[in-house]
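Engineer: What the sequence shown shows, in our numbering, is residues 9 to 256, in sequence order. Quick reminder that beta carbons are idealized off the backbone N, C-alpha and C, glycines included. This is the structure I want to talk about, given as structure tokens.
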Amino acid sequence: MKKATSILISLIMIFSLVGCSSKKTSSSDNTQTSSSDSTTVSPDKSTLKSELSTDSSGQSATKSSKILIAYFTMPEDVKTDGVDAIATASIVVKDTKALGNTQYMAQVIQQTAGGDLFSIKSVQQYPLDHKPLVDQAADEQKKNARPKLSTRVETMDDYDIIFLGYPNWWGDLPMPLYTFLEEYDLSGKTIIPFCPHGGNGFSRTVSTIAKMQPKATVSNDGFTVSRNDVADSEADVKAWLGELGIIE
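If you want it as structure tokens, here you go:
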């Protein structure tokens, strides 16, 4: 009887250890993307911070890495007179100068972390008023359009870290972002998204970027903020950069 009891206890202990081992594997797998994005690693903040803190030689990566802040925004340097109230929520006025929300966030990142600013501009201008703007965005999505860009990064190979900024239009990337992501091979680079939105955060945009650039490291810990709060987001942007390890 004692021998049978001893065997039973041993079996219970073995099954308990197997269960613990399975839980650890599942937790580890949560850091990977779905099978369709299996070639793209989307690290959490602690992993990304570690990767950005040191390079292969053990030196500070943020000091040696070259940063690009590429962004698509509302038309820049605009006059806000006569612009409807909803569209005005997509514009920040600083020192009497009107900036698009994404442009303002990009400038805060550049002033805090350094790097080069690059404005993604399309040949065709977008309207300022809200309804014509969203109608044009919806029409471009329906047609799966690829608007021609008027700006280009000539030295993309030089950059290691790319902050990619854009507004959330109809739960998706603005179509000029599709053009941008198809024009460059960002393999081996780290892409960190940031996005002002009207209520839906990133929606599916981060996974879209990962699918379009499967050999880049696309962070799941980008920064998104309501368009109504962008003007007051400077401290939050800086705190986010600190969490990523971009700044000390």
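1) Going by DSSP in three states, Asp229 sits in which element: helix, strand or coil?
2) Taking the C-alpha atoms as reference points, what is the distance between Leu157 and Arg235?
3) Spatial neighbours of Ala153 within its chain, please: C-beta separation below 6 Å, excluding the five flanking residues on both sides.
4) Short check: CB of Gln118 to CB of Leu107, under 7 Å?
5) In terms of residue numbering, what span does the beta strand (DSSP E) encompassing Lys151 cover?
6) Taking DSSP as the reference, what is the three-state secondary structure of Gly206?
7) From what residue to what residue does the alpha helix (DSSP H) around Ser249 run?
8) Identify the continuous alpha helix (DSSP H) that holds Lys105 and give its terminal residues.
9) In terms of alpha-carbon separation, which member of Trp177, Thr120, Glu148 lies closest to Gln132?
10) Relative to the C-alpha of Thr187, which candidate in Gln221, Cys203, Ile200, Asp166 has its C-alpha closest?
Structural biologist: To lay it out plainly:
1) In the sequence shown, the residue the question calls residue 229 occupies position 221. Three-state result, Asp229: coil.
2) As a working note, residue 157 is residue 149 in the sequence shown. As a working note, residue 235 is residue 227 in the sequence shown. C-alpha separation (whole angstroms): 25 Å.
3) Taking the sequence shown and counting its residues from 1, one reaches residue 153 at position 145. Counting only Cβ-Cβ distances below 6 Å, and skipping sequence neighbours, we find Met183.
4) On the sequence shown, position 110 is the one that residue 118 refers to. On the sequence shown, position 99 is the one that residue 107 refers to. Between Gln118 and Leu107, the gap from beta carbon to beta carbon reaches 7 Å or more.
5) Locating residue 151 in the sequence shown gives position 143, counting from the first residue. Looking at the DSSP string, Lys151 is not in any beta strand (DSSP E); the run it does join, the alpha helix (DSSP H), is 138-151.
6) Locating residue 206 in the sequence shown gives position 198, counting from the first residue. Secondary structure of Gly206 (DSSP, three-state): coil.
7) On the sequence shown, residue 249 is found 241 positions in, with the first residue counted as 1. Note that residue 249 is Leu in the sequence shown, not Ser. Start and end: 242-252.
8) Indexing the sequence shown from 1 puts residue 105 at position 97. Here Lys105 belongs to no alpha helix (DSSP H); instead the beta strand (DSSP E) covers 105-108.
9) Taking the first residue of the sequence shown as position 1, residue 132 is located at position 124. For the options Trp177, Thr120, Glu148, the alpha carbon positioned closest to that of Gln132 is the one of Glu148.
10) Indexing the sequence shown from 1 puts residue 187 at position 179. When each option's Cα is compared against that of Thr187, the closest is Gln221.
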